[in-house]
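Enquirer: One line per chain: the protein sequences are P and Y, in this order.
For the first sequence, the working numbering begins at 163 and goes up steadily by one.
For the second sequence, the working numbering begins at 163 and goes up steadily by one.
Cβ coordinates follow ideal geometry from the N, Cα and C atoms, glycine included.
2 protein chains.
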Amino acid sequence: MTNSPHFSFAVTARDGAARTGVIETPRGEIRTPAFMPVGTAGTVKAMLPGTVRELGADIVLGNTYHLMLRPGAERVARLGGLHRFMNWPHPILTDSGGYQVMSLSQLRKIDEQGVTFRSHIDGSKHLLTPERSMEVQLLLGSDIIMVLDECTPFPATFEQAEKSMHLSMRWAERSKAAFARAQSAEKGHALFGIVQGGVYPKLRESSAKALCEIGFDGYAIGGLAVGEGQESMFATVERTTPYLPADRPRYLMGVGKPSDIVGAVLRGVDMFDCVLPTRSGRTGQAFTSEGVLNMRNACHAEDLRPLDCALDCPASRDYSRAYLHHLVKSKEILGSMLLTWHNLAYYQDLMRRVGAAIQAGRLADFANQFTKETVE
Amino acid sequence: MTNSPHFSFAVTARDGAARTGVIETPRGEIRTPAFMPVGTAGTVKAMLPGTVRELGADIVLGNTYHLMLRPGAERVARLGGLHRFMNWPHPILTDSGGYQVMSLSQLRKIDEQGVTFRSHIDGSKHLLTPERSMEVQLLLGSDIIMVLDECTPFPATFEQAEKSMHLSMRWAERSKAAFARAQSAEKGHALFGIVQGGVYPKLRESSAKALCEIGFDGYAIGGLAVGEGQESMFATVERTTPYLPADRPRYLMGVGKPSDIVGAVLRGVDMFDCVLPTRSGRTGQAFTSEGVLNMRNACHAEDLRPLDCALDCPASRDYSRAYLHHLVKSKEILGSMLLTWHNLAYYQDLMRRVGAAIQAGRLADFANQFTKETVE
Chain P
163 MTNSPHFSFA VTARDGAART GVIETPRGEI RTPAFMPVGT AGTVKAMLPG TVRELGADIV
223 LGNTYHLMLR PGAERVARLG GLHRFMNWPH PILTDSGGYQ VMSLSQLRKI DEQGVTFRSH
283 IDGSKHLLTP ERSMEVQLLL GSDIIMVLDE CTPFPATFEQ AEKSMHLSMR WAERSKAAFA
343 RAQSAEKGHA LFGIVQGGVY PKLRESSAKA LCEIGFDGYA IGGLAVGEGQ ESMFATVERT
403 TPYLPADRPR YLMGVGKPSD IVGAVLRGVD MFDCVLPTRS GRTGQAFTSE GVLNMRNACH
463 AEDLRPLDCA LDCPASRDYS RAYLHHLVKS KEILGSMLLT WHNLAYYQDL MRRVGAAIQA
523 GRLADFANQF TKETVE
Chain Y
163 MTNSPHFSFA VTARDGAART GVIETPRGEI RTPAFMPVGT AGTVKAMLPG TVRELGADIV
223 LGNTYHLMLR PGAERVARLG GLHRFMNWPH PILTDSGGYQ VMSLSQLRKI DEQGVTFRSH
283 IDGSKHLLTP ERSMEVQLLL GSDIIMVLDE CTPFPATFEQ AEKSMHLSMR WAERSKAAFA
343 RAQSAEKGHA LFGIVQGGVY PKLRESSAKA LCEIGFDGYA IGGLAVGEGQ ESMFATVERT
403 TPYLPADRPR YLMGVGKPSD IVGAVLRGVD MFDCVLPTRS GRTGQAFTSE GVLNMRNACH
463 AEDLRPLDCA LDCPASRDYS RAYLHHLVKS KEILGSMLLT WHNLAYYQDL MRRVGAAIQA
523 GRLADFANQF TKETVE
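Right, here's the structure in full:
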């Protein structure tokens with residue numbers, strides 16, 4: 163059932179449904195639970211790649227939609243692939259492009275074949291099929307490739323969610339076939355399937371089973387964090403993970419707030435990506451043990467305390483809140499740099515704390531305390 | 163004649179009119195010839211202060227106009243001064259605020275007392291006098307304080323330039339008196355005078371002599387690089403430096419392009435500041451040994467070469483021109499970060515090369531070759 167001979171996952175500790183583990187890839191290890199900083203257009207915004215690495219990130223995410231439009235997948239391939247392009251020699255996961263096509267592009271039209279859309283950059287027309295998505299991700303040189311799926315909108319009726327899920331399953335099969343034709347596994351790439359089905363447990367179960375039938379290196383849960391709320395998201399995750407193979411990594415796409423991550427790890431998820439720490443860093447928000455601080459707020463104007471002394475990160479430790487307030491108010495690039503840096507440090511530190519709690523067999527206690535102490 | 167007991171300048175080598183030297187300040191040495199990166203609003207834009215330091219900068223410049231308006235000089239003082247605020251424990255020079263009042267603020271009105279203006283940020287009304295400029299710069303905790311002057315506009319008739327220069331000389335006296343009343347020298351601050359007089363050698367001579375009469379720790383040449391052209395600027399510098407004391411540092415304000423700096427050092431200048439490397443970095447321009455490259459240009463789209471292998475700077479060495487082109491086209495913050503970093507590396511490296519040429523007694527050769535090889 164393992165697709166890639168160059169890709170493996172070993173669970174190193176369990177605590178209830180939660181686990182720690184290590185994904186081995188030709189480009190290095192990914193320790194789980196893992197948070198993947200989002201590097202949309204070939205850069206984790208406002209961060210040097212070396213600094214992202216130093217924070218403890220083993221893998222970053224690249225967005226197929228953005229990269230296929232600019233600079234273009236064929237160009238990235240001619241330049242030696244995405245790793246070399248962005249000076250990040252460690253693992254990269256790319257999404258399929260489907261989600262951003264639906265949220266960012268113009269005049270999109272979805273049918274059995276794929277999605278036709280116009281670029282939000284220059285209006286040029288493109289067709290994204292499961293086959294083209296595989297081709298683009300392979301041109302980029304991605305280590306973990308995602309199948310093309312339709313992210314079921316929220317809210318959706320059972321019938322809408324069912325129809326959309328079935329389309330995604332047919333696309334998953336086509337994705338797998340195209341991936342196999344290109345002998346991608348032999349070349350060191352891994353392919354993840356994506357469970358859909360809205361907030362309907364029956365559909366999630368059926369989607370998970372369909373994907374297992376096809377067989378993937380890992381399994382993602384898609385279509386969540388789209389407005390259903392944390393309780394409903396947790397319930398859906400809880401009703402999905404039991405149907406996913408225990409010996410494959412599980413990835414909750416686009417999630418989330420710190421408490422979302424803690425709750426999802428508790429329910430058996432291993433991997434996460436989210437723009438929150440990076441995007442918030444550019445809009446003046448800081449994730450701290452006191453909760454989210456809005457650095458634009460005048461209450462910080464003469465506060466000499468750093469953001470968070472407990473974090474071993476210069477951005478969290480060496481600059482006063484007063485200074486960060488000034489930078490944010492003055493729209494200085496350094497404000498985005500320092501807050502993004504700090505937020506990613508907070509997220510990576512959270513993953514380490516969650517992993518340590520699992521290894522100590524006390525994740526439930528950790529999660530309870532975390533929820534109590536953290537105001538989001 | 164030395165104003166500050168905590169401030170000294172020693173010439174370490176001479177080559178024609180050029181010299182290398184060391185300025186000692188309570189916050190550390192400034193090796194000359196020195197380029198001071200501009201940290202307008204308490205940040206060298208898009209740079210971490212530690213990185214600015216690593217490039218070899220001994221001193222940065224802060225803008226009094228920006229800082230007095232936001233976050234305010236009194237607030238910076240309450241927060242422990244500008245060095246602590248911006249996490250830069252090394253020397254800082256602040257300008258007087260006069261230049262930016264005239265170029266950035268609204269409804270400015272200049273008279274004998276000073277300049278009345280409205281903030282470009284919130285429209286609030288302010289009066290900047292020589293006395294208030296000293297007060298603001300002392301509140302910021304600046305190491306090298308500049309007298310308030312009027313930057314004579316270009317072009318100006320002899321009569322206009324003369325009148326303006328005389329006003330600046332009266333303000334220089336008032337600045338010195340206010341600086342002395344606050345016992346600033348005893349507290350470790352230094353005060354520089356500013357020569358004005360447009361492009362008129364007689365006025366420059368008379369201004370320089372007037373300032374020497376008052377007595378300053380260093381002497382700046384102001385009112386240049388305002389449109390007069392390089393030849394005229396060099397001619398004016400050449401007719402000014404002979405009237406400045408050889409045992410005091412000389413500072414050419416707001417200059418300039420690499421060839422401007424080389425030519426001015428050749429004519430006896432020791433210190434420079436300019437927004438060019440930082441501002442150009444944010445608009446996609448790179449200073450290299452091949453001249454200025456516009457990274458927006460499509461010719462870089464598939465160029466795998468780094469900006470400049472000769473520079474010992476990650477930004478110059480570890481990223482392809484193709485990637486930088488992509489970042490600039492995509493308006494990514496990392497593009498501004500890397501190009502600013504590279505440009506400052508180029509400038510600091512240039513200062514080292516110029517200093518080495520002086521010490522080897524071959525600055526004239528260096529300058530000739532530099533002018534021949536560098537297209538600006």
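Any idea which residues DSSP pairs Y413(P) with across the strands?
Expert: A382(P), M433(P)
Enquirer: Are there 16 or more other CB atoms within 10 angstroms of the CB of L244(Y), so buried, or fewer, so exposed?
Expert: Burial call: buried.
Enquirer: Can you give the beta carbon distance from T502(Y) to M209(Y), rounded, assuming they're within the 8 Å contact cut?
Expert: 6 Å
Enquirer: Within 10 angstroms of its Cβ, does I221(Y) collect 16 or more other Cβ (buried), or is it exposed?
Expert: Buried: at least 16 other Cβ atoms inside 10 Å.
Enquirer: Would you say the region 176-187 of chain Y touches the region 413-431 of chain Y, given that touching needs at least three Cβ pairs under 8 Å?
Expert: yes
Enquirer: Run down chain P in chain order and give the residues with a C-beta less than 8 Å from the C-beta of H488(Y).
Expert: Under the 8 Å cutoff, chain P gives A203, G204, R232, P233, F247.
Enquirer: Counting only beta-carbon atoms, is K207(P) nearer than 9 Å to chain Y?
Expert: Yes, contact with chain Y.
Enquirer: Considering only residues of the region 190-227 of chain P, which uninterrupted beta strand (DSSP E) runs meet the minimum length of 3 residues and lie entirely inside it, listed in chain order?
Expert: 190-194, 196-199, 222-224
Enquirer: At a Cβ threshold of 9 Å, is E535(P) touching chain Y?
Expert: no
Enquirer: Near Y405(Y), which residues of its chain fall below 7 Å by C-beta distance, leaving aside the five closest residues on each side in sequence?
Expert: E367, A370, K371
Enquirer: Whose C-beta lies closer than 7 Å to the C-beta of M163(Y) among residues of the same chain, with five residues either side of it excluded?
Expert: Its pLDDT being 43, under 50, M163(Y) is placed unreliably in this model, and the coordinates cannot settle the point.
Enquirer: Against A460(Y), what residues of chain P qualify as contacts under a CB-to-CB distance less than 7 Å, listed in chain order?
Expert: Going along chain P, no residue has its Cβ under 7 Å from A460(Y), so there is no contact; the nearest lies around 11 Å.
Enquirer: What residues of chain P sit near Y227(Y), judged by a beta carbon separation below 8 Å?
Expert: In chain order: nothing, as chain P lies at least about 13 Å away.
Enquirer: Just how far apart, CA to CA, sit Q322(P) and R332(P)?
Expert: 16 Å
Enquirer: Quick one: what's got a C-beta closer than 7 Å to P211(P)'s C-beta in the same chain, skipping five residues either side?
Expert: M248, N249, W250.
Enquirer: Considering Cα atoms alone, identify which of T314(P), N456(P), V309(P), K364(P) is closest to F341(P).
Expert: V309(P)
Enquirer: Mind reading off the beta-carbon distance from T291(P) to G385(P)? Whole number of angstroms is fine, and I expect it under 8 Å.
Expert: With 8 Å as the limit, T291(P) and G385(P) do not qualify as a contact, their Cβ atoms being about 20 Å apart.
Enquirer: What is the residue span of the beta strand (DSSP E) that D177(P) lies within?
Expert: 170-177
Enquirer: Judging by CA-CA distance, which residue of Y509(Y), D465(Y), L466(Y), P439(Y) is the nearest neighbour of L473(Y)?
Expert: Y509(Y)
Enquirer: Can you have a look at T533(Y) and say buried or exposed, based on whether 16 or more other CB atoms are within 10 angstroms of its CB?
Expert: exposed
Enquirer: Work out the CA separation of G453(P) and L541(Y) for me, nearest whole Å.
Expert: Because chain Y spans 163 through 538 in this model, residue 541(Y) falls outside it and cannot be assessed.
Enquirer: Going along chain Y in order, which residues have a C-beta closer than 7 Å to the C-beta of A239(P)?
Expert: Chain Y residues near A239(P): none, gap ~11 Å exceeds 7 Å.
Enquirer: Answer with buried or exposed for G285(Y), where buried requires no fewer than 16 other C-beta atoms within 10 angstroms of its C-beta.
Expert: exposed
Enquirer: Exposed or buried, which one is A526(Y) when buried takes at least 16 other CB atoms within 10 Å?
Expert: The residue is exposed, with fewer than 16 neighbouring Cβ atoms inside 10 Å.
Enquirer: Could you give the residue range of the alpha helix (DSSP H) that holds A372(Y)?
Expert: 363-376
Enquirer: Provide the residue span of the beta strand (DSSP E) that contains F449(P), from first to last.
Expert: 447-450
Enquirer: Give a yes or no on whether the C-beta atoms belonging to K491(Y) and P233(P) are separated by under 9 Å.
Expert: yes
Enquirer: For C484(P), would you say it is in contact with chain Y, using Cβ-to-Cβ distances shorter than 9 Å as the test?
Expert: The question names Cys, but residue 484(P) is Ala in the sequence shown. Yes, contact with chain Y.
Enquirer: With H, G and I counted as helix, E and B as strand and the rest as coil, what does DSSP make of M163(P)?
Expert: Since pLDDT at M163(P) reaches only 43, below the 50 mark, its modelled position is unreliable, and no value is offered.
Enquirer: In chain Y, which residues lie less than 7 Å from Y481(P) when you measure between Cβ atoms?
Expert: N249
Enquirer: Would you kindly check if the distance between the Cβ of E312(Y) and the Cβ of G391(Y) is under 9 Å?
Expert: It is not a contact, given that the beta carbons lie outside the stated cut-off.
Enquirer: Here's a check: name, in chain order, each residue in its chain whose Cβ is nearer than 7 Å to the Cβ of M499(P), leaving out the five neighbours to either side.
Expert: A208
Enquirer: By the three-class DSSP mapping on this structure, what secondary structure does R401(Y) have?
Expert: coil
Enquirer: Could you tell me which whole beta strand (DSSP E) segments of length 3 or greater appear in the region 277-332 of chain Y?
Expert: Whole beta strand (DSSP E) segments, 3+ residues: 277-280, 287-290, 306-308.
Enquirer: In the region 453-477 of chain Y, which residues sit with their C-beta less than 8 Å from some C-beta in chain P, listed in chain order?
Expert: A463, E464, L466, P476
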